[in-house]
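Notes follow the structure.
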Amino acid sequence: MQGPGSLTGLTLPSDQSYLTSATEQYTATYDAAQAKQILTKAGWKMGSNGFFELGGKPLAFSIEDPSAYTDFITDDQIMSAELKKVGMDVTVTGTSVQKWTTDLNDGTFQSIAHWGNSGPTPYYLYNNWLNSTLTAPVGKPASGDYERFNSPQADKFLAEYASSDSSTTQDAAIAGIEKIVATQLPVIPLFYGVAWDEYHTNKFTGWPTPTNPYAPGEPTGPFNEITVLHLKPVS
Numbered sequence: 044m045q046g047p048g049s050l051t052g053l054t055l056p057s058d059q060s061y062l063t064s065a066t067e068q069y070t071a072t073y074d075a076a077q078a079k080q081i082l083t084k085a086g087w088k089m090g091s092n093g094f095f096e097l098g099g100k101p102l103a104f105s106i107e108d109p110s111a112y113t114d115f116i117t118d119d120q121i122m123s124a125e126l127k128k129v130g131m132d133v134t135v136t137g138t139s140v141q142k143w144t145t146d147l148n149d150g151t152f153q154s155i156a157h158w159g160n161s162g163p164t165p166y167y168l169y170n171n172w173l174n175s176t177l178t179a180p181v182g183k184p185a186s187g188d189y190e191r192f193n194s195p196q197a198d199k200f201l202a203e204y205a206s207s208d209s210s211t212t213q214d215a216a217i218a219g220i221e222k223i224v225a226t227q228l229p230v231i232p233l234f235y236g237v238a239w240d241e242y243h244t245n246k247f248t249g250w251p252t253p254t255n256p257y258a259p260g261e262p263t264g265p266f267n268e269i270t271v272l273h274l275k276p277v278s
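Per this note's numbering, the sequence shown starts with residue 44, numbered consecutively.
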């Protein structure tokens, strides 16, 4: 059974060294009773149909994913059922892959499930999620920051990381970004994906492993050079 991902977006335990005391408490748990208490405290009222409403407007939204992606759709259906128990009228909208991709890029969606970028450090994931230079107005195609999150602070941390060779500076930037992700929730990490790879150790050693995941190991990824530089021939 796959557990929930860290609300920081960090892949744990491989990114454990980046987790800080300011963010380690942000873990996802399902508690319908507590969720209802939070919504009630925020002013939402339970309607006769079993869903919360505020100012006459129901707490309702859809999750959009391709009908052909049966794993995504199944996940969406589970989330919809659990959120309905909380009092949210959440529906699942199955679309074509083409429409889903267009809606993602153009920002014309209410909520959507999508994978994140991978890389040798969390920067690659965060940059795609939060870099405002990658986004565009709703209705125009973006290459990242699909949720149209605009945070000067996040941009500052991303720029500090990218412009420095200092591990201290880079670690501080990641710490700042992970707190933004965990507390402001521009995206909501759901669970960890898998980067598949296969290799033989009869001629070369030094491949990425679960205990040493220094880079994604899949041969089609953009970080192949990092893997190659770690390899050593078997003598």
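Just so you know, even glycine gets a beta-carbon here, dropped at the ideal spot from N, CA and C.
Burial state of residue i, where buried means 16 or more other Cβ atoms lie within 10 Å
i    : result
W172 : buried
G236 : exposed
V140 : exposed
G48  : buried
V271 : exposed
F200 : buried
F234 : exposed
A111 : exposed
Test item: CB-CB of residue i and residue j under 8 angstroms
i    : j    : result
D118 : A156 : yes
G130 : F104 : no
N174 : Y167 : no
P229 : E190 : yes
P109 : T63  : no
V133 : I116 : no
L50  : A225 : yes
Between the CA atoms of residue j and residue i - distance to the nearest angstrom
i    : j    : result
A85  : I121 : 25 angstroms
E221 : V277 : 40 angstroms
Q153 : L102 : 12 angstroms
Q213 : P259 : 20 angstroms
L274 : T248 : 6 angstroms
E203 : K88  : 44 angstroms
T263 : H243 : 17 angstroms
T178 : P184 : 8 angstroms
W239 : I223 : 29 angstroms
P265 : S207 : 21 angstroms
I231 : K246 : 42 angstroms
Supposed close pair residue i, residue j - CB separation, criterion 8 angstroms
i    : j    : result
E125 : Y73  : 6 angstroms
P163 : Y257 : 6 angstroms
When the options are compared against residue i, the one with the closest alpha-carbon
i    : options                   : result
I280 : G46, P47, G52 and P229    : For residue 280 there is no data in the structure shown, the boundaries of the chain being 44 and 278.
T151 : G182, W158, Y169 and T136 : G182
Y169 : P47, T54 and G46          : T54
A215 : S175, T66 and G159        : T66
S57  : E268, P229 and P251       : P251
W158 : T136, E241 and G187       : G187
P180 : D146, S110 and S123       : D146
A75  : F115, K128, Q59 and V135  : K128
A205 : F192, K246 and P165       : P165
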